[in-house]
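Comments concern the structure below.
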């Protein structure tokens, strides 16, 4: 059974639909400029495909945290198209699931136990303390958050004792085990430039490697980190890794513009033509199977002590 969901927080108005258009892409209107990724249909398709890649990478699991069979109150931070929240709500029909995002791009027809809210997760949380969450999920939030310690402290304060949090991200910086990616490559230039832009913008892009320590410093316990290599093209010999590499190669063809266009033009002041020239080189590098590049996908989950 599906129901119509069009519930948005009272702190926003119809201006959330007044999207901004820039260099051929569409961006969110609410808290405009705070999030550098587009929200148009092209990006929504990429996000849904990325959800599939996350699932394949993590063995088909929607989450790694041992949340039990009966979670009652669940929050998906940065829900995007809502695809994870929809699948989770279907899997746990007795749970009340909330998906939170800056953009109202989620579908209208959703499971009856799911609702979406448009709001800024970095603003003070308005969730009632009388209904703490059993599970909070954050995925692919690199480049989105200015103050991670504050965000995680708010999450900690809104999780019940004995509840769980999980953070999942792909490293923004590609790795190789054989130094096959030369520093003269377009891909390397893209990484360096994107890191420079993210630093100036005040929102760190490569957050996955720091999640474990960040959760520990927040006060969570029983922190578990699961890190897996994901090839960015079908260069591996192993059939499963090769298939995963094909998925990532397709996804990355669009992702490099999604991640790079606004930061490089807005923050570093590049001309859009210069950005597109670099992205063309990056895409060519992604098709070069002599470059044995991969990203690390980290899933980190932790418990709020019930003591």
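Residue numbers (the working numbering): 112 to 418. Yeah, the Cβ is synthetic: ideal placement off N, Cα and C, and Gly gets one too.
Cutoff 7 angstroms; reference residue i; Cβ partners in own chain excluding five residues on either side
i: residue 111; result: This structure gives no information on residue 111, because the portion of the chain shown stretches from 112 to 418.
i: residue 365; result: 153 and 157
i: residue 396; result: 296, 297, 298 and 402
i: residue 334; result: 323, 326, 327, 411 and 413
i: residue 381; result: 375
Bounding residues of the alpha helix (DSSP H) (the contiguous stretch that carries residue i)
i: residue 432; result: Outside the shown range of the chain (112 to 418) lies residue 432, about which nothing can therefore be said.
i: residue 194; result: 194-202
i: residue 164; result: 152-168
i: residue 306; result: 297-312
i: residue 242; result: Segment: none, residue 242 is in no alpha helix (DSSP H) and carries neither H nor E.
CB of residue i within 8 angstroms of CB of residue j, strictly
i: residue 244; j: residue 274; result: yes
i: residue 336; j: residue 411; result: yes
i: residue 331; j: residue 256; result: no
i: residue 292; j: residue 197; result: no
i: residue 358; j: residue 216; result: no
i: residue 407; j: residue 319; result: yes
i: residue 202; j: residue 369; result: no
i: residue 301; j: residue 389; result: yes
i: residue 271; j: residue 344; result: no
i: residue 441; j: residue 206; result: An answer regarding residue 441 cannot be provided, because it is not within the stretch 112 to 418 covered by the chain.
Cβ-based burial, residue i [other Cβ within 10 Å; buried from 16]
i: residue 226; result: buried
i: residue 278; result: buried
i: residue 168; result: buried
i: residue 131; result: exposed
i: residue 290; result: exposed
Span of the beta strand (DSSP E), counted from its first residue to its last, around residue i
i: residue 275; result: 270-281
Own chain partners of residue i with C-beta closer than 8 angstroms, once the 5 adjacent residues on each side are dropped
i: residue 383; result: 134, 372 and 376
i: residue 261; result: 233
i: residue 285; result: 292, 298, 302, 343, 404, 405 and 406
Close beta carbons around residue i, own chain, < 6 angstroms, minus the five adjacent residues each side
i: residue 392; result: 297
i: residue 120; result: Because residue 120 sits at a pLDDT of 47, beneath the cut-off of 50, its placement in the model cannot be relied upon, and the point is left open.
i: residue 210; result: 187, 190, 193, 196 and 227
Does the region 175-194 come within contact of the region 245-252, defined as at least 3 CB pairs closer than 8 angstroms? yes
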